[in-house]
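One structure below.
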Amino acid sequence: AQKITQTQPGMFVQEKEAVTLDCTYDTSDPSYGLFWYKQPSSGEMIFLIYQGSYDQQNATEGRYSLNFQKARKSANLVISASQLGDSAMYFCAMMWGFQKLVFGTGTRLLVSP
Amino acid sequence: DVKVTQSSRYLVKRTGEKVFLECVQDMDHENMFWYRQDPGLGLRLIYFSYDVKMKEKGDIPEGYSVSREKKERFSLILESASTNQTSMYLCASSRVDGTKNIQYFGAGTRLSVL
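Protein chains in written order, with the numbering used here: chain A, 1 to 113; chain B, 1 to 114.
Below is the structure:
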């Protein structure tokens with residue numbers, strides 16, 4: 001069965017520092033996609049970054065990068081130069097088969113001044 | 001930018017009421033989804049639709065139905081609301097683009113059933 005694991009319930013970082021949020025996944029399907037979403041306290045789920053299982057390079061989107069290690073089945077999110085507005089819940093998710101998106105339990109990130 | 005709009009941010013309903021949650025997207029996406037989000041359980045898929053008038057059950061369809069009469073609109077219906085349906089409901093839409101299939105979410109509806 002497909003599964004996403006986020007082992008860090010909470011993370012703290014100071015403004016302007018980089019932070020890594022961990023995500024491991026389990027699937028036997030060779031074709032899948034990995035996603036990270038941000039959910040502020042307002043509730044909206046905001047798409048951040050996508051990595052396909054066949055992509056050769058790690059995905060980057062502005063201050064977000066995805067450290068994809070296929071053999072280890074990990075897809076960690078790296079946020080560079082943290083900002084106060086980055087404080088939120090972060091969810092790792094995997095899509096397999098047709099349309100099925102399974103989410104991890106999330107990591108709460110707090111950025112302090 | 002993709003815009004997924006959910007009609008209500010907060011709803012309070014009574015047990016036994018019929019409840020309609022509406023979702024509209026403006027990007028001509030074929031696929032639309034309804035999830036519920038509960039603490040400790042994460043997001044769980046209730047129903048999804050890949051075309052007008054088409055629907056597929058997700059992981060937790062019991063107690064819910066859906067309607068998609070127009071491409072841009074996907075409604076979630078609680079036929080007879082119960083207290084265990086108190087939750088955050090999130091709508092999403094997507095379109096397959098090559099190997100990518102990114103789901104974009106609305107702001108969510110926090111439903112309380114009393």
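Yeah, the Cβ is synthetic: ideal placement off N, Cα and C, and Gly gets one too. Just so you know, these numbers come straight off a predicted model, no measurement behind them.
Along the chain, where does the beta strand (DSSP E) that runs through residue i open and close?
i, result
"K38 of chain A", "Y32 to Q39"
"Q78 of chain A", "The sequence as given places Val at residue 78 of chain A; Gln does not occur at that position. Its beta strand (DSSP E) spans residues S74 to I79."
"S49 of chain B", "G42 to S49"
"E69 of chain B", "Y64 to K70"
"G52 of chain A", "I46 to G52"
"V96 of chain B", "V96 of chain B -> no beta strand (DSSP E), and no H or E assigned at all."
"I102 of chain B", "Element bounds for I102 of chain B: n/a, residue is neither H nor E."
"M27 of chain B", "No beta strand (DSSP E) holds M27 of chain B; DSSP gives it neither H nor E."
"S112 of chain B", "T109 to V113"
"K100 of chain A", "K100 to F103"
Using a cut-off of 9 Å between C-beta atoms, extract the partners of residue i located in chain A.
i, result
"G16 of chain B", "Within 9 Å Cβ-Cβ: nothing; G16 of chain B doesn't reach chain A, min ~26 Å."
Run through chain B and tell me which residues come within less than 8 Å of residue i, C-beta to C-beta.
i, result
"E44 of chain A", "F105, G106, A107 and G108"
"M89 of chain A", "Near M89 of chain A there are no residues of chain B at all, since even the closest Cβ is about 10 Å away, more than 8 Å."
"F47 of chain A", "I102, Q103, Y104 and F105"
Where does residue i sit, in a helix, a strand or coil, going by DSSP?
i, result
"D86 of chain A", "helix"
"N84 of chain B", "helix"
"E17 of chain A", "coil"
"L109 of chain A", "strand"
"G10 of chain A", "strand"
"I60 of chain B", "coil"
"Q14 of chain B", "The identity of residue 14 of chain B in the sequence shown is Arg, whereas the question assumes Gln. Of the three classes helix, strand and coil, the one that applies to R14 of chain B here is coil, per DSSP."
"M54 of chain B", "coil"
"E79 of chain B", "coil"
"C23 of chain A", "coil"
"L3 of chain A", "Sequence check: residue 3 of chain A is Lys here, not Leu. In this structure, K3 of chain A counts as strand in the three-state DSSP scheme."
"R63 of chain A", "coil"
Given that residue i touches chain B, what residues does it touch there, using C-beta distances under 9 Å?
i, result
"K105 of chain A", "Correcting the residue identity first, residue 105 of chain A is Thr in this sequence and not Lys. Under the 9 Å cutoff, chain B gives G40, L41 and G42."
"G114 of chain A", "As shown, chain A starts at 1 and ends at 113. That puts residue 114 of chain A outside it, with no answer to give."
"Y25 of chain A", "Simply none; closest approach about 14 Å."
"Q83 of chain A", "By Cβ distance, chain B contributes nothing, its closest Cβ being about 20 Å from Q83 of chain A, past 9 Å."
Who are the neighbours of residue i on chain B, taking C-beta pairs under 7 Å?
i, result
"Y50 of chain A", "K100 and I102"
"M95 of chain A", "N101"
Is there a Cβ of chain B sitting closer than 8 Å to that of residue i, yes or no?
i, result
"F12 of chain A", "no"
"Q56 of chain A", "no"
"Q2 of chain A", "no"
"Q99 of chain A", "yes"
If you measure beta-carbon to beta-carbon, which residues of the segment 34-47 of chain B are closer than 9 Å to chain A? Against chain A - using a Cβ distance shorter than 9 Å - the residues of the segment 34-47 of chain B are Y35, Q37, G40, L41, G42, L43, R44 and L45.
Residues, ordered as in the chain, of the segment 78-94 of chain B that lie near chain A by beta-carbon distance below 7 Å: M88 and L90
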